[in-house]
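Shown next, in structure tokens, is the structure this report addresses.
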Amino acid sequence: MHLLTLHDLGKEAVAELIDRAIELKRRHKRGIPYRPLVGKTLLLLFEKPSTRTRISFEVAMTQLGGSTIFVTSQDTQLGRGEPIKDTARVVSRYVDSVVIRTHEHERIEEFARHSTVPVINGLTKTHHPCQVLADIMTVVEKKGTYENLKIVWIGDGNNMANSWIEIAGLLGLRLTLSCPDGFMPDEGLVEVARKEGAEIEFAETPEEAIKGADVVNTDVWTSMGDEEEKEKREKAFKGYQINDTLLELANPDCIVMHCLPAHRGEEITDSVIEGSNSVVWDEAENRLHMQKAILERLLTGEGKQR
Ligand code: CP
Ligand code: NVA
């Protein structure tokens, strides 16, 4: 089984992963060792930079008793033109699972088609499933549930927004988005999520979107790979900043989330990210616990409810 998008998991598995990650975090904090992946190797093949995804997967694998190999395409024959499908067939004879971070989603799909071991999406241009799993875990930790909350996305309709839409469909969430014209998320994903039972709304302005919010989410205006559009984006996203004035319209106990890295002064102010509503550091920590739940599930089949 691969984890390329959240639909590869489905509703039941997503719900189980949240509970399992919370349980693995609890055990870890108590110092209880758990090493189900002794002798297993995870390959991290990254074609974009990373701090959280790389390090949390490496530490997760270490804590579970396994080991990791990190490569970029430049370190390998991929950089000299060896086809992705040949690479997939070869490396899946060596390692037990592969995390890929790349540009076009089709590239990870092609790898997965030719891989005999589970492939995990560590971010593509259109999806960031592992991040959103850690995010929903954080929502459950902070709010006790994901049900009946007003969850808001303000900013770019990017990979993060798409994965939030997917999880909204799977879990039946209430999600309000406000994105500038020309920067909307994937329409097809919105349609599917609505059919699955998500309540998805698009607000004309960030002010309208954030009113009464329980969870506020944003992300950079210029994602990796979009750098050529930086100036155009800065203009388009003016007014989409999460600052203290905007946040006053949300519920007083709302949580503010950001997958990081953040660009203070652009999509979010220093005052908000450092403020009492911000949960970004716990959110980042939860990447580790969620990666462990994901790896356990994909590599051992454990962590499923019986
Ligand atoms: N949030 C996230 O994926 O961070 P990195 O780019 O540092 O991995
Ligand atoms: N949307 C951002 C997320 C970074 C973790 C990007 O793709 O660059």
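So the sequence shown is numbered by this note's numbering: it starts at 60 and just counts up by one. The C-beta atom is built at its ideal place from N, Cα and C for all residues, glycine as well.
Check, Outcome
"Does Ile91 pass the burial test, meaning 16 or more other C-beta atoms within 10 Å, or should it be called exposed?", "exposed"
"Going by DSSP, what residue range makes up the alpha helix (DSSP H) through Leu103?", "Counting along the chain, Leu103 falls outside any alpha helix (DSSP H), though it belongs to the beta strand (DSSP E) covering Thr100 to Phe105."
"Do Glu106 and His187 count as a contact pair if the criterion is CB distance below 8 Å?", "no"
"Leaving out the 5 sequence neighbours to the left and right, which residues in its chain are closer than 8 Å to Arg365 when beta-carbon positions are compared?", "With a pLDDT of 43 at Arg365, under the threshold of 50, the modelled position of this residue cannot be trusted; read the value that follows with caution. Excluding sequence neighbours, Arg365 sits near nothing in its chain."
"What separation, rounded to the nearest whole angstrom, lies between the Cα atoms of Gly104 and Ala119?", "Position check: residue 104 holds Leu in this sequence, whereas Gly was assumed. If you take the alpha carbons of Leu104 and Ala119, they lie about 16 Å apart."
"So what does DSSP say about Ser174, is it helix, strand or coil?", "coil"
"Among Leu102, Gly231 and Glu206, which has the Cα closest to the Cα of Asn180?", "Leu102"
"Where does the unbroken beta strand (DSSP E) through Met316 begin, and where does it stop?", "Ile314 to His317"
"In angstroms with no decimal places, state the Cα-to-Cα distance between Val275 and Leu305.", "11 Å"
"When you compare the CB positions of Val198 and Ile269, do they come within less than 8 Å of one another, or not?", "no"
"Please say whether Gly214 and Phe116 have beta carbons closer to each other than 8 Å?", "no"
"Tell me the rounded alpha-carbon separation between Lys70 and Phe261.", "23 Å"
"Ligand 2 and Cys189: does the residue's C-beta get closer than 7 Å to at least one heavy atom of that ligand?", "no"
"May I ask whether a heavy atom of ligand 1 can be found less than 7 Å away from the beta carbon of Ser282?", "no"
"Between Asn217 and ligand 2, is the CB less than 7 Å from at least one heavy atom?", "yes"
"Under 8 Å by Cβ, that's how I've got Ile226 and Leu248 pegged, so tell me the actual separation to the nearest angstrom.", "Incorrect: roughly 11 Å between the Cβ atoms, too far for contact."
"In terms of DSSP beta bridges, what is Lys209 paired with?", "Arg233"
"Identify, in the order they occur along the chain, each residue of the same chain with its Cβ nearer than 6 Å to the Cβ of Ile128, setting aside the five sequence neighbours on each side.", "Leu102"
"Which residue comes first and which comes last in the alpha helix (DSSP H) that contains Phe116?", "Arg111 to Gln122"
"Cα-Cα, which of Leu232, Ser222, Glu266 and Leu230 is closest to Pro239?", "Glu266"
"Kindly give me the distance between the Cβ atoms of Ala193 and Leu232, rounded to whole angstroms, as I take these residues to be in contact under 8 Å.", "The pair is not a contact, with the Cβ atoms about 16 Å apart (cut-off 8 Å)."
"Secondary structure at Val97, three-state DSSP: helix, strand or coil?", "coil"
"Cβ-heavy atom distance between Ser237 and ligand 1 below 7 Å?", "no"
"For Ser335 and Gln190, what's the separation of their Cα atoms in angstroms?", "22 Å"
"For the alpha helix (DSSP H) containing Thr64, name the first residue and the last one.", "From DSSP, Thr64 is part of no alpha helix (DSSP H); its letter is neither H nor E."
"Compute the Euclidean distance between the alpha carbons of Met243 and Glu165, then round it to the nearest angstrom.", "20 Å"
"Hey, is the region 167-180 in contact with the region 146-153, meaning 3+ C-beta pairs nearer than 8 Å?", "yes"
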